[in-house]
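Asks: No gaps in the numbering here: position 215 of the sequence shown is 411 in my numbering, and each next residue is one more. Quick reminder that beta carbons are idealized off the backbone N, C-alpha and C, glycines included. All values reported here derive from a predicted model rather than from experimental measurement. One structure coming up, written as structure tokens, with questions to follow.
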Amino acid sequence: MLRDCLHLFFPRICPACNGALQHHERIICFTCRSTLPKTGYHLQPDNPIARLFWGRIPIHTAASCYFFKKSGKVQQLLHELKYGNQPEIGDEIGELYGSDLIHAPLFADANFIVPVPLHAARLAARGYNQSETFAIGLARGMRNSALNDLLIRNLHTESQTRKSRFARWQNVQEAYSVDRPERLQNKHIILVDDVITTGATIEACAKRLFEAGAAKITIASIAAPVM
Ligand SMILES: [Zn+2]
Numbered sequence: 197m198l199r200d201c202l203h204l205f206f207p208r209i210c211p212a213c214n215g216a217l218q219h220h221e222r223i224i225c226f227t228c229r230s231t232l233p234k235t236g237y238h239l240q241p242d243n244p245i246a247r248l249f250w251g252r253i254p255i256h257t258a259a260s261c262y263f264f265k266k267s268g269k270v271q272q273l274l275h276e277l278k279y280g281n282q283p284e285i286g287d288e289i290g291e292l293y294g295s296d297l298i299h300a301p302l303f304a305d306a307n308f309i310v311p312v313p314l315h316a317a318r319l320a321a322r323g324y325n326q327s328e329t330f331a332i333g334l335a336r337g338m339r340n341s342a343l344n345d346l347l348i349r350n351l352h353t354e355s356q357t358r359k360s361r362f363a364r365w366q367n368v369q370e371a372y373s374v375d376r377p378e379r380l381q382n383k384h385i386i387l388v389d390d391v392i393t394t395g396a397t398i399e400a401c402a403k404r405l406f407e408a409g410a411a412k413i414t415i416a417s418i419a420a421p422v423m
């Protein structure tokens, strides 16, 4: 009752469509849940995101929950997750996607889930790592666990904006390291990020994980463009 009254004055809003949430809806409204464009790639080993990594890094497969396009609802969700102080969006999509991935043979035998870490300065400004919130929700949905301190973002890498394309790529390649690698020996890891576009970040992280002893790496993200 009190909750319903509060919602009259402070309606909770679906971050994808800006519609008011009903009291039984949480975070993302039912309409968006059933209509946001899912990729279905977790059931297709040779999908376009997996192909993005061919010849670069020998990952097992890759998938993304949603397609995003400019000015679309998924892009708005991602924007709210990153800049709207709404870490629960990542957690929610993670849980939803996890309930799909738990039935996907390509993902089912993973030992644990590892998020791409955020640069310390950005983490301090934002207060959370959006990929980590996604990893935590995914772990819950898959009845698996997230290992948030395995991949470390190195402190010395500086701003990317004024560098050449090659210098930027090289900078990304050197940006990550693995802490206590004994934890990943011969393990199958699901490496997760919020968005996959060029794949450079995932490539750099996967390379470090393989060097440190991972046996198999599978990629999952919240969203990717149609490739
Ligand atoms: Zn909605």
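1. Compute the distance between the beta-carbons of T235 and S260, then report whether it is under 8 Å.
2. Regarding A420 and ligand 1, is the C-beta to nearest heavy atom distance less than 7 Å?
3. Use the C-beta contact count for L351: other C-beta atoms within 10 angstroms, 16 or more gives buried, fewer gives exposed.
4. For ligand 1, I want to know if G215 counts as a neighbour, meaning its beta carbon is within less than 7 Å of at least one of the ligand's heavy atoms.
5. Alpha carbons only, please: which of A400, D296, K269 and I245 is nearest the one belonging to W365?
6. Taking only beta-carbon positions, decide if I385 is within less than 8 Å of chain D.
7. Let me check you understand the geometry: is the CB of C261 closer than 7 Å to at least one non-hydrogen atom of ligand 1?
8. Give me, in chain order, the residues of the same chain whose beta-carbon lies closer than 7 Å to that of A402; leave out the 5 immediate sequence neighbours on both sides.
9. Quick one: what does DSSP say S295 is sitting in, helix, strand or coil?
10. Just to check my reading of the structure: A335 and I309 have Cβ atoms closer than 8 Å, yes? What is that Cβ distance to the nearest angstrom?
11. Pick out whichever of E370, E328, A317 and A304 has its Cα sitting closest to the Cα of N340.
12. Since L277 is in the alpha helix (DSSP H), which residue starts that stretch and which ends it?
13. Smallest Cα separation from A419: which of R229, F226, I245 and F264?
14. Measure from the alpha carbon of T394 to the alpha carbon of each residue in R247, L343 and V374, then state which is nearest.
15. For the beta strand (DSSP E) holding F362, just list the boundary residues, first then last.
16. Using a threshold of 7 Å, is the CB atom of I223 nearer than that to any non-hydrogen atom of ligand 1?
17. Rounded to the nearest angstrom, what separates H315 and V368 at their Cα positions?
Replies: Looking at the atomic coordinates:
1. Within the sequence shown, numbered from 1, the residue matching residue 235 stands at position 39. Within the sequence shown, numbered from 1, the residue matching residue 260 stands at position 64. Yes, they are a contact pair.
2. Here the question's residue 420 lines up with position 224 in the sequence shown. Every heavy atom of ligand 1 is 7 Å or more from the Cβ of A420, so no.
3. For this step, residue 351 is matched to residue 155 along the sequence shown. Exposed: under 16 other Cβ atoms inside 10 Å.
4. Position 19 of the sequence shown, counted from the start, is the residue given in the question as residue 215. At least one heavy atom of ligand 1 is nearer than 7 Å to the Cβ of G215, so yes.
5. Taking the first residue of the sequence shown as position 1, residue 365 is located at position 169. Nearest option by C-alpha distance: A400.
6. Any reference to chain D falls outside this structure, which holds one protein chain only.
7. Position 65 of the sequence shown holds residue 261. Flag unset: Cβ of C261 not near ligand 1.
8. Taking the first residue of the sequence shown as position 1, residue 402 is located at position 206. Once the five neighbours on either side are set aside, the close Cβ partners of A402 are I253, I255, L387 and I413.
9. What you label residue 295 is simply residue 99 of the sequence shown in a count that begins at 1. Of the three classes helix, strand and coil, the one that applies to S295 here is helix, per DSSP.
10. Taking the sequence shown and counting its residues from 1, the one referred to as residue 335 is at position 139. Taking the sequence shown and counting its residues from 1, the one referred to as residue 309 is at position 113. Going by Cβ atoms, the distance from A335 to I309 rounds to 5 Å, so yes, they are a contact pair.
11. Locating residue 340 in the sequence shown gives position 144, where the first residue counts as 1. Answer by Cα proximity: A304.
12. The sequence position of residue 277 within the sequence shown is 81, counting from 1. That run of the alpha helix (DSSP H) goes K269 to Y279.
13. In the sequence shown, the residue the question calls residue 419 occupies position 223. Comparing Cα-Cα distances from A419 to each of R229, F226, I245 and F264, the minimum goes to F264.
14. The residue given as residue 394 occupies position 198 in the sequence shown. Ranking the options by Cα distance to T394, first place goes to R247.
15. Sequence index remark: in the sequence shown, residue 362 carries index 166 (1-based). Element bounds for F362: not the beta strand (DSSP E) but the alpha helix (DSSP H), R361 to Q369.
16. As a first step, residue 223 must be located in the sequence shown, where it is residue number 27. Checking every heavy atom of ligand 1 against the Cβ of I223, none is found closer than 7 Å.
17. Start at 1 with the first residue of the sequence shown, and residue 315 comes out as number 119. Start at 1 with the first residue of the sequence shown, and residue 368 comes out as number 172. When rounded, the distance between both Cα atoms is 11 Å.
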